[in-house]
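Peer 1:
There are 2 protein chains.
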Amino acid sequence: MAYELYYWDGIQGRGEFVRLALEEAGADYIDITRQPGRGTGAMFAVMESESEPHVPFAPPFLKDGDLIIPHVANILFYLGPKLGLAPDDEGLRYVVNGLQLTVTDFVAEVHDTHHPIDTSLYYEDQKEEAKARSAAFIRERIPKFLGYFERVLRQNPEGPDHMVGNALTYVDLSLFQVIEGLTYAFPKAMANCKAEYPGLLALRDAVTKRPNIARYLASPRRLAFNEEGIFRHYPELDSAE
Amino acid sequence: MAYELYYWDGIQGRGEFVRLALEEAGADYIDITRQPGRGTGAMFAVMESESEPHVPFAPPFLKDGDLIIPHVANILFYLGPKLGLAPDDEGLRYVVNGLQLTVTDFVAEVHDTHHPIDTSLYYEDQKEEAKARSAAFIRERIPKFLGYFERVLRQNPEGPDHMVGNALTYVDLSLFQVIEGLTYAFPKAMANCKAEYPGLLALRDAVTKRPNIARYLASPRRLAFNEEGIFRHYPELDSAE
Numbered sequence: 001m002a003y004e005l006y007y008w009d010g011i012q013g014r015g016e017f018v019r020l021a022l023e024e025a026g027a028d029y030i031d032i033t034r035q036p037g038r039g040t041g042a043m044f045a046v047m048e049s050e051s052e053p054h055v056p057f058a059p060p061f062l063k064d065g066d067l068i069i070p071h072v073a074n075i076l077f078y079l080g081p082k083l084g085l086a087p088d089d090e091g092l093r094y095v096v097n098g099l100q101l102t103v104t105d106f107v108a109e110v111h112d113t114h115h116p117i118d119t120s121l122y123y124e125d126q127k128e129e130a131k132a133r134s135a136a137f138i139r140e141r142i143p144k145f146l147g148y149f150e151r152v153l154r155q156n157p158e159g160p161d162h163m164v165g166n167a168l169t170y171v172d173l174s175l176f177q178v179i180e181g182l183t184y185a186f187p188k189a190m191a192n193c194k195a196e197y198p199g200l201l202a203l204r205d206a207v208t209k210r211p212n213i214a215r216y217l218a219s220p221r222r223l224a225f226n227e228e229g230i231f232r233h234y235p236e237l238d239s240a241e
Numbered sequence: 001m002a003y004e005l006y007y008w009d010g011i012q013g014r015g016e017f018v019r020l021a022l023e024e025a026g027a028d029y030i031d032i033t034r035q036p037g038r039g040t041g042a043m044f045a046v047m048e049s050e051s052e053p054h055v056p057f058a059p060p061f062l063k064d065g066d067l068i069i070p071h072v073a074n075i076l077f078y079l080g081p082k083l084g085l086a087p088d089d090e091g092l093r094y095v096v097n098g099l100q101l102t103v104t105d106f107v108a109e110v111h112d113t114h115h116p117i118d119t120s121l122y123y124e125d126q127k128e129e130a131k132a133r134s135a136a137f138i139r140e141r142i143p144k145f146l147g148y149f150e151r152v153l154r155q156n157p158e159g160p161d162h163m164v165g166n167a168l169t170y171v172d173l174s175l176f177q178v179i180e181g182l183t184y185a186f187p188k189a190m191a192n193c194k195a196e197y198p199g200l201l202a203l204r205d206a207v208t209k210r211p212n213i214a215r216y217l218a219s220p221r222r223l224a225f226n227e228e229g230i231f232r233h234y235p236e237l238d239s240a241e
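Quick look at the structure:
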């Protein structure tokens with residue numbers, strides 16, 4: 001039975017981290033809200049159910065038969081071994097999950113660069129605070145997070161091609177997405193600092209060239225980044241340097 | 001061998017969600033930075049290691065032998081079955097993890113009520129923005145998150161005593177901590193809304209009375225809430241109503 005992914009249509013957003021894993025593995029999945037005649041109504045029907053015992057708080061969530069699994073890192077922890085994108089060693093799976101949760105935290109901070117005060121308001125209603133938060137994000141948080149991920153690659157005893165072990169895992173795919181997203185949202189800031197992250201850039205390039213990923217990126221299933229998603233390009237928030 | 005918990009000394013913080021599970025289970029653990037002669041230096045030694053392959057981004061992290069596991073939800077996912085605080089059904093473990101990750105998101109938003117702009121600055125340097133963010137948090141986010149958790153209790157086919165299934169899991173303990181923390185940080189706002197969450201308050205009370213938890217709460221190991229932690233009481237951020 002095909003996996004069912006439930007997420008907003010029209011954006012890459014958090015759903016994209018799951019899509020990349022499913023696409024790399026060539027898994028059979030249905031992106032429910034993008035199906036003709038379905039739309040986000042199918043997603044809200046699950047979220048607003050008054051009888052479903054395991055109702056999710058927010059998208060994305062995955063349905064595998066009767067099981068409903070919410071949260072990107074949780075979905076990937078569940079799918080990883082099934083898709084061949086997790087280590088065989090069970091202890092290392094918690095290491096990968098720990099890295100994925102650090103990606104989750106970073107992505108939440110990316111979101112807050114354009115929504116520092118109130119997620120229910122528009123960006124335009126918190127633009128001045130967004131400028132302050134983005135300046136701090138570029139100055140403090142990008143170096144802290146990317147510096148950390150670069151260090152994990154460098155300290156991998158199996159070599160710097162992968163975050164954990166000597167084979168691709170889903171967190172490698174997620175870091176591809178993080179680098180792509182940051183480069184879209186903050187092109188000047190990233191141009192200023194990219195020399196400091198050679199391992200991450202090499203990982204990004206290697207993922208781009210994987211046949212299933214290359215096919216996916218060239219397909220209409222891969223939406224373009226836009227200003228409705230997590231990674232948004234507002235020139236006034238990018239580095240002035 | 002005893003589990004080793006690494007977290008800041010002096011605050012409950014995120015480490016408290018792990019402590020509650022270890023204490024409830026009566027597990028053998030060492031709160032490393034609170035040991036005489038250790039302190040946070042022992043924590044930084046792991047985090048700043050240039051040879052450790054699985055270096056954590058931030059505390060808390062758990063050491064179990066050679067395995068280093070970072071992030072609260074990840075630690076609890078790992079410990080849950082070992083401590084008898086996770087469902088026997090493997091699918092349901094992902095349901096519990098999904099709920100724990102929703103707690104994680106909520107706790108991050110609690111933190112941002114006093115640090116909406118820059119985590120590296122003091123609260124006093126972002127007080128006006130903190131007022132705006134806290135107002136939105138009280139108006140929009142507390143009802144959204146607590147309303148969701150209340151609904152999960154209500155829709156549990158096994159009854160509203162537990163979040164998942166018919167026995168205590170670690171996410172029940174985490175929700176105890178969330179209610180305690182919110183009541184400390186935002187007493188007026190919580191007094192205004194608590195009638196809407198009878199299930200969560202009953203769960204909080206039931207957890208308080210569990211023998212191992214009651215013993216822990218009365219011990220010096222349970223630090224008081226304070227203004228260095230996640231849940232901080234700044235009267236000017238609490239509801240004006």
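Listed in order, the protein sequences are those of chains A and B. Note that the UniProt record's numbering gives residue 124 to position 124 of the first sequence, counting from 1, and the numbers run on in steps of one. Note that the UniProt record's numbering gives residue 101 to position 101 of the second sequence, counting from 1, and the numbers run on in steps of one. Backbone N, C-alpha and C fix where the C-beta goes; we use that ideal spot for every residue, glycine too.
Any contact between the segment 41-52 of chain B and the segment 222-241 of chain A? By contact I mean 3 or more CB pairs, one from each, below 8 Å.
Peer 2: No: the two stretches stay apart, fewer than three of their Cβ pairs being nearer than 8 Å.
Peer 1: Please go through the same chain and pick out, in chain order, the residues whose beta-carbon is closer than 6 Å to the beta-carbon of residue 4/B, but skip the five residues on each side of it.
Peer 2: By one-based count along the second sequence, residue 4/B stands at place 4. Cβ within range, chain order: 30, 32 and 63.
Peer 1: Between 78/A, 173/A and 158/A, which has its C-alpha nearest residue 166/A's C-alpha?
Peer 2: As a first step, residue 166/A is located in the first sequence; it is residue number 166 there, counting from the start. Checked all of 78/A, 173/A and 158/A; the closest Cα to residue 166/A is 158/A.
Peer 1: Ends of the beta strand (DSSP E) at residue 29/B?
Peer 2: Along the second sequence, read from residue 1 onward, the residue named residue 29/B stands at position 29. Taken as a continuous stretch (DSSP letters only), the beta strand (DSSP E) holding residue 29/B covers 29-31.
Peer 1: Residues bridged to residue 64/B by DSSP?
Peer 2: Residue numbering aside, residue 64/B sits at position 64 when the second sequence is read from its first letter. Looking at the DSSP assignment, residue 64/B forms a beta bridge with 67/B.
Peer 1: Which residue spans inside the segment 161-199 of chain B form an unbroken alpha helix (DSSP H) run of at least 4?
Peer 2: List check, alpha helix (DSSP H) in window: 170-185 and 187-193.
Peer 1: Going along chain A in order, which residues have a C-beta closer than 9 Å to the C-beta of residue 134/B?
Peer 2: Counting from 1 along the second sequence, the entry for residue 134/B is found at position 134. Within chain A, no residue comes near residue 134/B; the closest Cβ sits about 10 Å away, beyond 9 Å.
Peer 1: Rounded to a whole number of angstroms, what is the C-alpha to C-alpha distance between residue 34/B and residue 9/B?
Peer 2: Taking the first residue of the second sequence as 1, we reach residue 34/B at position 34. Taking the first residue of the second sequence as 1, we reach residue 9/B at position 9. If I take the Cα positions, the gap works out to 6 Å.
Peer 1: Does any residue of chain B bring its CB to less than 8 Å from the CB of residue 162/A?
Peer 2: For the purposes of this step, residue 162/A is taken as the residue at position 162 of the first sequence. Not closer than 8 Å to any Cβ of chain B, the Cβ of residue 162/A fails to qualify, so no.
Peer 1: Using the DSSP secondary-structure output, state which residues sit across from residue 234/B in a beta bridge.
Peer 2: Along the second sequence, read from residue 1 onward, the residue named residue 234/B stands at position 234. Answer by DSSP bridge pairing: none, since residue 234/B is not bridged.
Peer 1: Going by DSSP, what residue range makes up the alpha helix (DSSP H) through residue 4/A?
Peer 2: Taking the first sequence and counting its residues from 1, one reaches residue 4/A at position 4. Where residue 4/A is concerned, there is no enclosing alpha helix (DSSP H), although the beta strand (DSSP E) it sits in stretches over 3-6.
Peer 1: Take the Cβ of residue 1/B as the centre, count every other Cβ of all protein chains shown within 10 Å, and call the residue buried at 16 or more, exposed below.
Peer 2: The count along the second sequence starts at 1 and reaches residue 1/B at position 1. The residue is exposed, with fewer than 16 neighbouring Cβ atoms inside 10 Å.
Peer 1: Residue 156/A touches chain B at which residues, Cβ-Cβ below 7 Å?
Peer 2: Position 156 of the first sequence, counting from 1, holds the residue named residue 156/A. The answer, in chain order, is 53.
Peer 1: Taking the straight line between their C-alpha atoms, what separation do you get for residue 103/A and residue 201/A?
Peer 2: Walking along the first sequence from the start, residue 103/A turns up at place 103. Walking along the first sequence from the start, residue 201/A turns up at place 201. Each residue's alpha carbon lies about 16 Å from the other.
Peer 1: Do residue 84/B and residue 212/B have their beta-carbon atoms positioned less than 8 Å apart in this structure?
Peer 2: In the second sequence, the residue the question calls residue 212/B occupies position 212. In the second sequence, the residue the question calls residue 84/B occupies position 84. No, these two residues do not count as a Cβ contact at 8 Å.
Peer 1: Contact criterion: CB-CB distance below 8 Å. Does residue 138/A meet it with respect to chain B?
Peer 2: Against the first sequence, residue 138/A aligns to sequence position 138. No, no contact with chain B.
Peer 1: Are any of the Cβ atoms in chain A nearer than 8 Å to that of residue 57/B?
Peer 2: Against the second sequence, residue 57/B aligns to sequence position 57. Taking Cβ atoms only, chain A reaches closer than 8 Å to residue 57/B, which makes this a yes.
Peer 1: Do residue 92/B and residue 164/B count as a contact pair if the criterion is CB distance below 8 Å?
Peer 2: Along the second sequence, read from residue 1 onward, the residue named residue 164/B stands at position 164. Along the second sequence, read from residue 1 onward, the residue named residue 92/B stands at position 92. Their beta carbons are under 8 Å apart, which means residue 164/B touches residue 92/B by this criterion.
Peer 1: Are the Cβ atoms of residue 101/A and residue 73/B separated by less than 8 Å?
Peer 2: If you number the first sequence from 1, residue 101/A lands on position 101. If you number the second sequence from 1, residue 73/B lands on position 73. Result yes, Cβ atoms of residue 101/A and residue 73/B sit closer than 8 Å.
Peer 1: Can you name the start and end residues of the alpha helix (DSSP H) that residue 134/A belongs to?
Peer 2: Within the first sequence, the letter at position 134 stands for residue 134/A. It spans 127-136 - the alpha helix (DSSP H) in which residue 134/A sits, taken as one unbroken run.
Peer 1: I need the boundaries of the alpha helix (DSSP H) containing residue 81/B, first residue and last residue.
Peer 2: Mapped onto the second sequence, residue 81/B falls at position 81. Residues 72-83.
Peer 1: Measuring only between beta-carbons, confirm whether residue 198/A sits less than 8 Å from chain B.
Peer 2: Indexing the first sequence from 1 puts residue 198/A at position 198. No - not a single Cβ of chain B is within 8 Å of the one on residue 198/A.
Peer 1: Have a look at 14/A, 21/A, 6/A and 68/A and flag the residue whose alpha-carbon is nearest the alpha-carbon of residue 169/A.
Peer 2: As a working note, residue 169/A is residue 169 in the first sequence. Checked all of 14/A, 21/A, 6/A and 68/A; the closest Cα to residue 169/A is 21/A.
Peer 1: For residue 166/A, decide whether its Cβ has a neighbour in chain B, counting only Cβ atoms nearer than 8 Å.
Peer 2: Along the first sequence, one-based indexing puts residue 166/A at 166. Cβ-Cβ to chain B under 8 Å: no for residue 166/A.
Peer 1: Could you tell me whether the Cβ of residue 148/A comes closer than 8 Å to any Cβ of chain B?
Peer 2: Position 148 of the first sequence, counted from the start, is the residue given in the question as residue 148/A. Yes, its Cβ sits closer than 8 Å to a Cβ of chain B.
Peer 1: Among 186/B, 98/B and 94/B, which has the Cα closest to the Cα of residue 149/B?
Peer 2: Start at 1 with the first residue of the second sequence, and residue 149/B comes out as number 149. For the residues 186/B, 98/B and 94/B, the minimum Cα distance to residue 149/B belongs to 98/B.
Peer 1: Counting pairs of beta carbons, one from the segment 110-123 of chain A and one from the segment 187-205 of chain A, are three or more of them closer than 8 Å?
Peer 2: Touching, no.
Peer 1: Can you check whether the CB of residue 24/B is closer than 8 Å to the CB of residue 222/B?
Peer 2: Start at 1 with the first residue of the second sequence, and residue 222/B comes out as number 222. Start at 1 with the first residue of the second sequence, and residue 24/B comes out as number 24. Cβ atoms of residue 222/B and residue 24/B: not closer than 8 Å.
Peer 1: So if I threshold CB-CB distances at 9 Å, which residues from the segment 111-131 of chain A count as touching chain B?
Peer 2: Per Cβ criterion, the list reads 112, 116, 117, 118, 119, 120, 121, 126 and 129.
Peer 1: Judging by CA-CA distance, which residue of 69/A, 94/A and 76/A is the nearest neighbour of residue 78/B?
Peer 2: Here residue 78/B refers to the residue found at position 78 when the second sequence is read from its first residue. Nearest of 69/A, 94/A and 76/A to residue 78/B, Cα basis: 94/A.
Peer 1: With a CB to CB cut of under 7 Å and the five nearest residues on each side skipped, what residues in its chain are close to residue 197/B?
Peer 2: Here residue 197/B refers to the residue found at position 197 when the second sequence is read from its first residue. So the list reads 146 and 150, once near-sequence residues are dropped.
Peer 1: Hey, residue 258/A and residue 230/A: beta-carbon distance below 8 Å or not?
Peer 2: Lying outside 1 to 241, the shown extent of chain A, residue 258/A is not represented and no answer is given.
Peer 1: Going by the CB atoms, is the gap between residue 171/A and residue 96/A shorter than 8 Å?
Peer 2: Counted from its first residue, the first sequence places residue 96/A at position 96. Counted from its first residue, the first sequence places residue 171/A at position 171. It is a contact, given that the beta carbons lie within the stated cut-off.
Peer 1: Quick one: using the 10 Å Cβ neighbour count with 16 as the cut-off for buried, is residue 121/A buried or exposed?
Peer 2: Taking the first residue of the first sequence as position 1, residue 121/A is located at position 121. Exposed, because fewer than 16 other Cβ atoms sit within 10 Å of the Cβ of residue 121/A.
Peer 1: Since residue 69/B meets chain A, which of its residues come closer than 8 Å, beta carbon to beta carbon?
Peer 2: Walking along the second sequence from the start, residue 69/B turns up at place 69. Those within 8 Å of residue 69/B in chain A are 94, 95 and 98.
Peer 1: Cβ atoms of residue 160/A and residue 153/A: under 8 Å apart, would you say?
Peer 2: Numbered from 1 along the first sequence, position 153 holds the residue referred to as residue 153/A. Numbered from 1 along the first sequence, position 160 holds the residue referred to as residue 160/A. Contact: yes.
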